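Enquirer: Take a look at the following structure, please.
There are 2 protein chains.
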Amino acid sequence: MNQSKRYLDIVRDIRDMIRQEKIKPGDRIPSERELAETMQVGRSTLREALRSLELLGLIETRRGEGTFLSDHRNQKLVEVLSTFVLQDNQSHEDVWETRLLHEVAAIQAICRNEAASQMKVWESLRLRLEDESFLREDFVRELMVLSGNRLSLKIWFLLKQYSGNPYDGTVSSEEIGSMNDILAAIERQDADTAIHGFKAWSEWLQKERIRNGNDS
Amino acid sequence: MNQSKRYLDIVRDIRDMIRQEKIKPGDRIPSERELAETMQVGRSTLREALRSLELLGLIETRRGEGTFLSDHRNQKLVEVLSTFVLQDNQSHEDVWETRLLHEVAAIQAICRNEAASQMKVWESLRLRLEDESFLREDFVRELMVLSGNRLSLKIWFLLKQYSGNPYDGTVSSEEIGSMNDILAAIERQDADTAIHGFKAWSEWLQKERIRNGNDS
DNA sequence: AGGATATGAGTGGCCAGACCACTTTCAAAA
DNA sequence: TTTTGAAAGTGGTCTGGCCACTCATATCCT
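In order, the protein sequences belong to chains V and C.
Counting in the working numbering, the first sequence runs from -7 upward without gaps.
Counting in the working numbering, the second sequence runs from -7 upward without gaps.
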């Protein structure tokens, strides 16, 4: 029968409880002693289940206060994924390529979405470009956010770190031109041109990094 | 200093131990009592760490035998996370979209690579299509593998599970036509047509699943 | 001698009870 | 009214114990 692995049952029970009691992210769930009592299990067994859920980022515990439903949803999800995915043999090239893949897809998604293409964001972005302290990363992150795919954003964020923060530094005067071109293309929903420009910028950046001897 | 969260240290220590001792998947790791002794922690605390690792699919425990390094990761991980994390529709949509994103990119990469487009794989794939027991998933996985990006492959594999194994089942006679079209387009390196066909197939599949009432 | 059986050591699964460290609360003291 | 401090509640950890299971070994019966 369903022998052994009681802590897995507890994981399921906790999930059901959260559903039924309509506990929202950020809410506090009953204390360990209380849960152990109602579920008729020892506290240490219950803790095994809670610790598992915590490592997954599903709950959050604060000593002296209690246990709370985590509100970061797929925040930790991606972190967990990264420990699986990026633990070995990831050639730098794969990381680079995959990151670019997400960026291109983001631009494509923005261009497809009429509303996104015509937002005021672009104006303000263009203005901020003139600022000497405008970070390259801010530019790309803005694109990722505006794509609307939060999961892709999280994955991108991780990949960016694994590829040694390729967008480190501020936008130089040489780059402003091509970045303006990219923005213009997006505004008129010309995905091909925008992507082409972006890829060109990305490659230029990569060579620049190599020339300056930046490493991962 | 490093207060609280001792079990996290243990997780790290165990991982390091596995690395140093060169323990391979399937190998047995020391017993709980032994580990607790050498790490100078209580057995229950150690167990919290082990249970966490087990839920992640990194280890496997068999009562009466011992604890072993798991070779097939993410098993319960996906199960648990998909029920906890992916509650809202936005997340489901994001997962679906991101998976498709990787698939499309794979096709594009294959088409760009002249050598890959002209491999014999396509012939054998076309033959296997005729087989009644040919799994949809095999088809897509083949594409992902041939793209050459192993990182993307891994991410895809996880996302596939999170979106409820969208390619479950065998290829039906209705689908063979469009799949052959996709293969043909790839062979002549016509990325646009291949992708267009693939997306159409993917959407058709999604509707089919909804009609049959498949869930998570 | 050979096969079936009992035994004991080792292992994970689970529990009860005990401290400790920390946070919050609220009543008593200033 | 403000400050203080004691108590209650919570997670963090350890100890020691018992149970259920596996496996290798020794033992017994044929």
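Quick reminder that beta carbons are idealized off the backbone N, C-alpha and C, glycines included.
Only a predicted model underlies this, so the values are computations on that prediction, with no experimental measurement involved.
DSSP three-state call for C:Ile168: helix, strand or coil?
Expert: C:Ile168: helix per DSSP, three-state reduction.
Enquirer: Identify the residues that DSSP records as bridge partners of V:Thr20: which are they?
Expert: It is Arg, not Thr, that sits at residue 20 of chain V in the sequence shown. Paired residues: V:Phe60.
Enquirer: Taking only beta-carbon atoms, is V:Thr59 less than 8 Å away from chain C?
Expert: Chain C contact via Cβ: absent.
Enquirer: Please go through the same chain and pick out, in chain order, the residues whose beta-carbon is closer than 7 Å to the beta-carbon of C:Glu5, but skip the five residues on each side of it.
Expert: According to the sequence shown, residue 5 of chain C is Asp rather than Glu. Excluding positions up to five away in sequence, the list reads Met31.
Enquirer: Mapping DSSP to helix, strand and coil, what is C:Lys(-3)?
Expert: C:Lys(-3): coil per DSSP, three-state reduction.
Enquirer: Please identify the residue among V:Tyr(-1), V:Glu52, V:Leu151, V:Leu47 whose C-alpha is closest to the C-alpha of V:Ser23.
Expert: Looking at the Cα atoms, V:Glu52 is the closest of the given residues.
Enquirer: What does the alpha-carbon distance come out to for the pair V:Val132 and C:Ser164?
Expert: Each residue's Cα considered, the two are about 42 Å apart.
Enquirer: Could you check the C-alpha separation between V:Ser49 and V:Met136 for me, to the nearest Å?
Expert: At residue 49 of chain V the sequence reads Gly, which differs from the Ser that was named. If you take the alpha carbons of V:Gly49 and V:Met136, they lie about 23 Å apart.
Enquirer: Counting only beta-carbon atoms, is V:Val87 nearer than 8 Å to chain C?
Expert: So, interface residue.
Enquirer: Would V:Arg20 pass as a contact of V:Gly58 if the rule is Cβ separation under 8 Å?
Expert: The answer is yes: Cβ separation under 8 Å.
Enquirer: Within its chain, find whatever has a CB closer than 6 Å to the CB of V:Glu186; leave out the 5 residues flanking it on each side and keep chain order.
Expert: Before going on, a small fix: residue 186 of chain V reads as Ala here, not Glu. Counting only Cβ-Cβ distances below 6 Å, and skipping sequence neighbours, we find Ile99, Ile174, Ala177, Ile178.
Enquirer: Listed in chain order, which residues of the segment 134 to 147 of chain V have Cβ atoms closer than 8 Å to some Cβ of chain C?
Expert: Hits within the stretch, in order: Asn141, Arg142, Leu143, Ser144, Ile147.
Enquirer: Would you mind stating whether C:Leu138 and V:Val87 have Cβ atoms separated by less than 8 Å?
Expert: No, Cβ-Cβ distance for C:Leu138 and V:Val87 is not below 8 Å.
Enquirer: Comparing C-alpha positions only, which one of C:Trp193, C:Asp182, C:Arg39 sits nearest to C:Glu106?
Expert: Checking every option, the nearest Cα to that of C:Glu106 belongs to C:Asp182.
Enquirer: What do you get for C:Glu26, buried or exposed, if any count of 16 or more other CB atoms within 10 angstroms of its CB means buried?
Expert: Label assigned to C:Glu26: exposed.
Enquirer: Strictly below 9 Å CB to CB, what residues from chain C border V:Glu95?
Expert: Those do not exist, as V:Glu95 stays about 11 Å from chain C at its closest Cβ, beyond 9 Å.
Enquirer: Note down, one range per segment and in chain order, each alpha helix (DSSP H) of at least 4 residues found wholly within the segment 30 to 60 of chain C.
Expert: Correct list: 35 to 48.
Enquirer: When the cut-off is 8 Å and only beta carbons count, does V:Ser44 lie next to chain C?
Expert: Taking Cβ atoms only, chain C reaches closer than 8 Å to V:Ser44, which makes this a yes.
Enquirer: Taking C:Ser194 as the query, report the chain V residues whose CB atoms sit under 9 Å from its CB, ordered along the chain.
Expert: What C:Ser194 touches in chain V: nothing, since even the nearest Cβ is about 15 Å away.
Enquirer: By DSSP's criteria, C:Thr215 is part of a beta bridge. Which residues make up the other side?
Expert: Limits of chain C in this structure are -7 at one end and 208 at the other, which puts residue 215 of chain C out of reach.
Enquirer: I'd like to know whether the C-beta of C:Arg39 is nearer than 8 Å to at least one C-beta of chain V.
Expert: Yes, C:Arg39 counts as interfacial toward chain V.
Enquirer: DSSP three-state call for V:Asn81: helix, strand or coil?
Expert: Bear in mind that a pLDDT of 49 at V:Asn81, under 50, signals an unreliable position, so the model cannot answer this.
Enquirer: Once DSSP output is grouped into helix, strand and coil, what is the label at V:Arg180?
Expert: In the structure shown, V:Arg180 sits in coil (DSSP, three-state: anything other than H, G, I, E or B).
Enquirer: Pull up the distance between the alpha-carbon of C:Ile102 and that of C:Lys112, whole angstroms please.
Expert: Near 13 Å, if we compare the C-alpha coordinates of C:Lys112 and C:Ile102.
Enquirer: What's the gap between the Cα of V:Val(-2) and the Cα of C:Ile202?
Expert: First, the amino acid is wrong: residue -2 of chain V is Arg here, not Val. One C-alpha to the other measures close to 34 Å.
Enquirer: Could you give the residue range of the alpha helix (DSSP H) that holds C:Lys152?
Expert: 142 to 154 is the span of the alpha helix (DSSP H), which, as asked, contains C:Lys152.
Enquirer: Whole angstroms is fine: what's the gap from C:Phe149's alpha carbon to V:Asn141's?
Expert: So the alpha carbons of these two residues sit roughly 19 Å apart.
Enquirer: In three-state DSSP terms, what is C:Lys199?
Expert: C:Lys199: helix per DSSP, three-state reduction.
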